[in-house]
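Numbering (this note's numbering), first residue to last: 1207 to 1297.
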């Protein structure tokens, strides 16, 4: 199997940005409400983590999980799309 066939067959979630050449994860959603629910759930998870008692988890574990959850929330926010929509609505 050549790289093109591999990408066509398996390359649905992991993507490479053609401009920056960085890898990213593609998360398909049916509509924007699904994105809102996903972000709200991640924020709820972060809130619950802040309420955990340290006797059950090491502080480093909680910090690591919170870091990755925060990163997911921030990276999944559609900044460019919202900015573009805002400009479009102004015209």
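By construction, the Cβ of each residue, glycine as well, lies at the ideal position given by its N, Cα and C atoms. From a predicted model like this one, the values you see are computed outputs, not experimental measurements.
Consult DSSP for residue i and reduce its assignment to one of helix, strand or coil.
i, result
"residue 1258", "coil"
"residue 1288", "helix"
"residue 1242", "helix"
"residue 1237", "coil"
"residue 1225", "coil"
Determine the extent of the beta strand (DSSP E) in which residue i is found, giving its start and end residues.
i, result
"residue 1230", "1229 to 1231"
Just the Cα atoms here: how many angstroms apart are residue i and residue j?
i, j, result
"residue 1255", "residue 1222", "32 Å"
"residue 1267", "residue 1296", "45 Å"
"residue 1208", "residue 1217", "13 Å"
"residue 1294", "residue 1237", "20 Å"
With respect to the alpha helix (DSSP H) encompassing residue i, which residues constitute its N-terminal and C-terminal limits?
i, result
"residue 1222", "From DSSP, residue 1222 is part of no alpha helix (DSSP H) but of the beta strand (DSSP E) over 1220 to 1222."
"residue 1266", "1265 to 1282"
Looking at residue i: is its Cβ nearer than 8 Å to the Cβ of residue j?
i, j, result
"residue 1275", "residue 1241", "no"
"residue 1232", "residue 1219", "yes"
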